[in-house]
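K.L.:
Have a look at this one.
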Amino acid sequence: MGDYKTKEIVEKYKFKFTKTLGQNFLVDDNVIKDIVNGAEVTSEDFVIEIGPGVGSLTREILNKAKRVASIEIDKNLIPILVEELKDFDNFQLIHKDALKADFNEIIGEETSVKLVANLPYYLTTPIMARLLSEKYNFKSLTVMIQSEVADRINAEPNCKEYGSLSLLVQYYCNTNIIRKVSPAAFLPRPKVDSIIIRLDKLDEPRVKVYNEDLFFKIIRSSFNMRRKTLSNALKALQIPKEIIEKAFEESNINPIRRGETLSIEEFAELTNKLHQLTKSL
Ligand code: SAM
Numbered sequence: 001m002g003d004y005k006t007k008e009i010v011e012k013y014k015f016k017f018t019k020t021l022g023q024n025f026l027v028d029d030n031v032i033k034d035i036v037n038g039a040e041v042t043s044e045d046f047v048i049e050i051g052p053g054v055g056s057l058t059r060e061i062l063n064k065a066k067r068v069a070s071i072e073i074d075k076n077l078i079p080i081l082v083e084e085l086k087d088f089d090n091f092q093l094i095h096k097d098a099l100k101a102d103f104n105e106i107i108g109e110e111t112s113v114k115l116v117a118n119l120p121y122y123l124t125t126p127i128m129a130r131l132l133s134e135k136y137n138f139k140s141l142t143v144m145i146q147s148e149v150a151d152r153i154n155a156e157p158n159c160k161e162y163g164s165l166s167l168l169v170q171y172y173c174n175t176n177i178i179r180k181v182s183p184a185a186f187l188p189r190p191k192v193d194s195i196i197i198r199l200d201k202l203d204e205p206r207v208k209v210y211n212e213d214l215f216f217k218i219i220r221s222s223f224n225m226r227r228k229t230l231s232n233a234l235k236a237l238q239i240p241k242e243i244i245e246k247a248f249e250e251s252n253i254n255p256i257r258r259g260e261t262l263s264i265e266e267f268a269e270l271t272n273k274l275h276q277l278t279k280s281l
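Residue numbers (UniProt numbering): 1 to 281.
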């Protein structure tokens, strides 16, 4: 029997799991400790947690952090969390959908902000896209995700996992795999392996891009039609053909290449040329 008593709490309150909310609670205390150690939480940190469940991971974070705000969507978990974590005066519970929460308001004046979460799998990509592209001042995001998503995040050009998610995360962060986690660590058990990964925000994005909107539009168009050549895929941008051809030429990128062969530096170069050439239109 572990310190965090996830199973006992679930039984005590007769909690019913909702599959569509990605509710797989951690029952392995070592994994809980590895998440918080991997996140390098200190007494200076304000931690935001998404999806506290019955509060097992939350409790470990509360023991290490200055303050914790946890965002939970399931109304049935709110009274359980209030009761189980009532002894902590550094805990704030926010009953909201994390996709709609106002992170600027939650962060307020805090400067040392970290995100720590055992994410529901359906939320992984949309929440990471939101938290990174909306540029909140997180120092790091330590998350439990499906191992297949971790492969996509860390992918290099020319492999099938490489895509928009790899470029989004690599543009803003360095990535550190903390450890692999087997389905046995959860209740109920998911079908796939998971990974704890820490994303450390870079002081400046990895490459200099003058128009981030255009950069991510080019990336999305290139991977929407993976099998098409770049010159075909970029037709979706509705920029005159001559300008696109000139941008390829000036950035030394062969338009018959496919998007999945381009490095982040090449996407940046192509974006900056297109930005420069379309500015005067
Ligand atoms: N942190 C707990 C643990 O590790 O045992 C629970 C993790 S469980 C994988 C995911 C949690 O996220 C659940 O408590 C679920 O209700 C919550 N959740 C699902 N969708 C959410 C959303 N959109 N916003 C906030 N919380 C959400």
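From the three backbone atoms N, C-alpha and C, an ideal C-beta is built for every residue, glycine too.
#1: Between which residues of its own chain and residue 88 is the CB-CB distance below 7 Å, once the five residues before and five after are set aside?
#2: Is the CB of residue 253 under 9 Å away from at least one CB in chain B?
#3: Is residue 196 close to the ligand SAM? I mean its beta-carbon at under 8 Å from any heavy atom of the ligand.
#4: Tell me whether residue 23, by its Cβ, gets closer than 8 Å to a heavy atom of the ligand SAM.
#5: Could you check where the beta strand (DSSP E) with residue 134 kicks off and where it finishes?
#6: Just how far apart, CA to CA, sit residue 271 and residue 103?
#7: Is it buried or exposed, residue 273, if we count other Cβ atoms within 10 angstroms and call 16 or more buried?
#8: On the criterion of 16 or more Cβ atoms from any shown chain inside 10 Å, does residue 159 qualify as buried, or is it exposed?
#9: My assumption, with CB atoms under 8 Å, is that residue 95 sits in contact with residue 66. Please give the rounded CB distance.
#10: Find out if the Cβ-Cβ distance for the pair residue 174, residue 144 is shorter than 9 Å.
#11: Between 126, 266 and 230, which has its C-alpha nearest residue 257's C-alpha?
#12: Kindly indicate which three-state DSSP category residue 146 falls into: helix, strand or coil?
#13: Considering only their Cβ atoms, is the gap separating residue 25 from residue 10 smaller than 9 Å?
#14: DSSP three-state call for residue 1: helix, strand or coil?
#15: Which same chain residues, not among the five before or five after residue 122, have their C-beta less than 7 Å away from its C-beta?
#16: Write down every uninterrupted run of the alpha helix (DSSP H) in the stretch 10-62 whose length is 4 residues or greater and which is fully enclosed by it, in chain order.
#17: Can you look up residue 92 in the DSSP assignment and give me helix, strand or coil?
#18: On the DSSP letters alone, give me the boundaries of the alpha helix (DSSP H) that residue 273 sits inside.
#19: Identify the continuous beta strand (DSSP E) that holds residue 115 and give its terminal residues.
#20: Under 8 Å by Cβ, that's how I've got residue 214 and residue 168 pegged, so tell me the actual separation to the nearest angstrom.
#21: Flag this pair as yes or no: are the beta carbons of residue 236 and residue 27 separated by less than 9 Å?
#22: Which ranges does the alpha helix (DSSP H) cover as unbroken runs of at least 4 residues, wholly within the stretch 199-247, from first to last along the chain?
P.N.:
According to the structure shown:
#1: Contacts found: 62.
#2: Absent here is chain B; the protein component of the structure consists of one chain.
#3: no
#4: yes
#5: Counting along the chain, residue 134 falls outside any beta strand (DSSP E), and DSSP gives it neither H nor E.
#6: Rounded to the nearest whole angstrom, the C-alpha separation of residue 271 and residue 103 is 29 Å.
#7: buried
#8: exposed
#9: Contact doesn't hold; Cβ gap of about 22 Å is too wide.
#10: no
#11: 230
#12: Strand.
#13: Closer than 9 Å, so yes.
#14: With a pLDDT of 43 at residue 1, under the threshold of 50, the modelled position of this residue cannot be trusted; read the value that follows with caution. Residue 1 falls in the coil class under three-state DSSP.
#15: 22
#16: 29-38
#17: Strand, per DSSP.
#18: Start and end: 264-279.
#19: 113-118
#20: Not really, about 14 Å apart at Cβ, beyond 8 Å.
#21: Going by beta carbons, residue 236 and residue 27 fall outside the 9 Å limit.
#22: Annotation note: the stretch 199-247 contains the following uninterrupted alpha helix (DSSP H) runs of length 4 or greater, listed N- to C-terminal: 212-224 and 230-233.
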